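One structure below.
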Amino acid sequence: MKIRYLAALPLTLASLTSQAEFANTSYSYFGAGAEVVNYQETIDDYAGMKVKSNFSATNISQRSGGYTAIDDKFGFFIRTASTLIAEEDTEDWKASGFDGHIQNDTAAMNFQMLDISGAYHLGNGGYWLLGLHYQKVSFSRFDWRSTDQTEAFADSIEDYIRNTPELYDPIVQGINNGTFTDAAGNVITTEDEYFAATRFDPEDTMDVVFEDASSFSLTAGFEYDSYFKDQSVGLRYLLGGHVGINLYENVLNSGNNRALTRNFGGGVDVRLTAGVGYQFRPEVGAMLVAETNASWRDGIRERLGSSQTIELPDNEFYSMAMNATVYWNF
């Protein structure tokens, strides 16, 4: 599994920490910088082919939040992240059996996150975390474009439908009953007219697509922050990670014109954090912080009737941010 190597992280970090003077002190922070977002969708069976999209862009982002001490051992974190400016870039689509891309579009993606975590301190700079993770990934797709592989891909889709009775027979029945009409409103009377009207053609058939995917996860993890061991002037280090299990997911895609929801399962979240900086005074410090947020989501499929099914594919999301961050405790 992709996150198996994280299992050793708490033990590794714990072994690096040693007992020293411990101070459970509250603080706030704000950071800004750049994040690289990467998003992939995978459809295992699209007209008998595996189709995969890939999008990557560099956005301007912020990270902010704080820590509140409760007593000598306990406290809690509130951490937020959000995209400030989203870059537009090309999204590529590939299909099994085809060289090159079958279509392209332009996309922009925003990422938002809120973590609320309770902390239990070991007294040496290390602490365990347990809490809730909320994230929202929003994107828009537009400017759909054909490639030199689009015609062949469209032919493959038509051949697959013609040779799959459970898809082909309802089409023939609908043509005989005068069920289908073309873009001009004319009744389709032949198979050739039907396939011409429904042929895969990104420029003519694809409109602007918007999607909002929100989810809540139960998370657990471990971090080490030298701030809790030594708040005097000098270097400050931060290292840690957590893993989350999906509790609830809600996805609204304009192509489906309705929201799909899922309770429990179907997703995993990971956050890894590393930082190094300087404590200028016990009350003020600064760090350069690298943070990776990743999520893996299984597809959601909902059958609306005997002949209508809506589906959102398996997807992977990564946000890798680098932020200049200021800390204060007054």
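In this note's numbering, the protein residues as written are 5 to 334.
No residue lacks a Cβ here, since even glycine has one placed at the ideal position from N, Cα and C.
Treat the numbers as computed from the prediction; the structure is a model and nothing was measured.
Rounded to the nearest whole angstrom, the CA to CA distance from glycine 303 to alanine 27 is 45 Å.
Per DSSP, reduced to three states, the secondary structure at glycine 178 is helical. Residue pairing by DSSP places methionine 117 opposite Ala85, Gln139 in a beta bridge. In the same chain as tyrosine 71, and ignoring 5 residues on each side of it, the C-beta atoms closer than 7 Å to its own belong to Ser30, Tyr31, Gly79, Phe81, in chain order. In the displayed model, arginine 166 falls within a helix according to three-state DSSP. With 16 or more other CB atoms across the displayed protein chains lying within 10 angstroms of its CB, lysine 233 is buried. Beta-bridge partners of glutamate 227 (DSSP): Tyr131, Gly244.
Fewer than three beta-carbon pairs drawn from the segment 165 to 174 and the segment 142 to 154 are found closer than 8 Å, and the two stretches are therefore not classed as touching. Straight-line spacing of the CA atoms in glycine 248 and proline 169 works out to 43 Å. Between alanine 294 and phenylalanine 321, the gap from beta carbon to beta carbon reaches 8 Å or more. Burial check for glutamate 39: the Cβ neighbour count within 10 Å reaches 16 or more, so the residue is buried. Look at serine 219 here: in three-state DSSP terms it is strand. The residue among Ser65, Glu253, Ala201 with its C-alpha nearest the C-alpha of phenylalanine 184 is Ala201. The beta carbon of glycine 269 sits closer than 7 Å to the beta carbons of Asn250 from its chain, once the five residues preceding and following it are set aside; these are given in chain order. With contact defined as three or more Cβ pairs closer than 8 Å, the segment 225 to 245 and the segment 278 to 289 are in contact.
By DSSP's assignment, threonine 329 forms a beta bridge with Gly35, Met291. Across the structure, tyrosine 198 and alanine 61 are spaced so that their CA atoms are roughly 38 Å apart. Judged by DSSP secondary structure, threonine 62 falls within the beta strand (DSSP E) whose first and last residues are 53 to 73.
Closest option to glutamate 92, judged by alpha-carbon separation, among Val41, Ile47, Asp48, Ala328: Val41.
Contact between glutamate 45 and asparagine 319 is confirmed by a C-beta separation of about 5 Å, below the 8 Å threshold. A distance below 6 Å between beta-carbons, with the five flanking residues on each side excluded, links isoleucine 47 to the following residues of its chain, in chain order: Val55, Pro317.
Shortest Cα-Cα distance from glycine 37 to any of Ser86, Glu195, Gly130, Ile314 involves Ser86.
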